Amino acid sequence: MPFTYEQRYNEAIKEAFKLAGIDRMVTILDPLTNDEVKKPLYEVASSHMARRTFIGNIYKKVKDPNLVGALSGHKEGSKAFSRYREIDEEMKKELVNLLD
Numbered sequence: 000m001p002f003t004y005e006q007r008y009n010e011a012i013k014e015a016f017k018l019a020g021i022d023r024m025v026t027i028l029d030p031l032t033n034d035e036v037k038k039p040l041y042e043v044a045s046s047h048m049a050r051r052t053f054i055g056n057i058y059k060k061v062k063d064p065n066l067v068g069a070l071s072g073h074k075e076g077s078k079a080f081s082r083y084r085e086i087d088e089e090m091k092k093e094l095v096n097l098l099d
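Note that numbering that gives the first Met the number 0 has the sequence shown beginning at 0, numbered continuously upward.
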């Protein structure tokens, strides 16, 4: 696979989102002003966002941090990996229902 610079890669992701019509408005935090700003998703899409989304979605299905970490390339006990996975209310309810 040919090498590409991260910035070009992210620009290509943004263009692909735009061409696909993925234009849902999202709220982001402006790093300079700390103000919330609404932008179309295709303007903020990046490889990092895709990785976080993949990890979060697969973790909700598998719930095995070692398996998800192996898929995402994170080492066991990775601090970065623990920031990507979020335990949401639905996951908590599923765990409580297992007690029945």
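Ideal placement from N, C-alpha and C gives every residue a C-beta, glycine not left out. Keep in mind that this is a model prediction, so the values were computed, not measured.
Given residue i as reference, the closest of the options once Cα atoms are compared
i: residue 62; options: 43, 15 and 93; result: 93
i: residue 13; options: 97, 56 and 38; result: 38
i: residue 16; options: 41, 28 and 67; result: 41
i: residue 90; options: 78, 69, 57 and 71; result: 57
i: residue 45; options: 87, 36 and 6; result: 6
i: residue 28; options: 22, 21 and 43; result: 43
i: residue 50; options: 97, 80, 10 and 11; result: 80
i: residue 86; options: 64, 77, 74 and 69; result: 64
i: residue 48; options: 77, 95 and 10; result: 10
i: residue 25; options: 36, 18, 67 and 31; result: 36
Start and end residues, alpha helix (DSSP H) containing residue i
i: residue 71; result: 64–71
i: residue 81; result: 78–83
i: residue 19; result: Element bounds for residue 19: n/a, residue is neither H nor E.
i: residue 75; result: Careful: residue 75 lies outside any alpha helix (DSSP H) and carries neither H nor E.
i: residue 94; result: 88–96
Cβ separation of residue i and residue j, assumed to be a contact under 8 Å, to the nearest whole Å
i: residue 54; j: residue 83; result: 4 Å
4 or more residues per run - each alpha helix (DSSP H) lying fully within the stretch 21–59: Along the stretch 21–59, the alpha helix (DSSP H) occurs as fully enclosed runs of 4 or more residues at 40–43, listed in sequence order.
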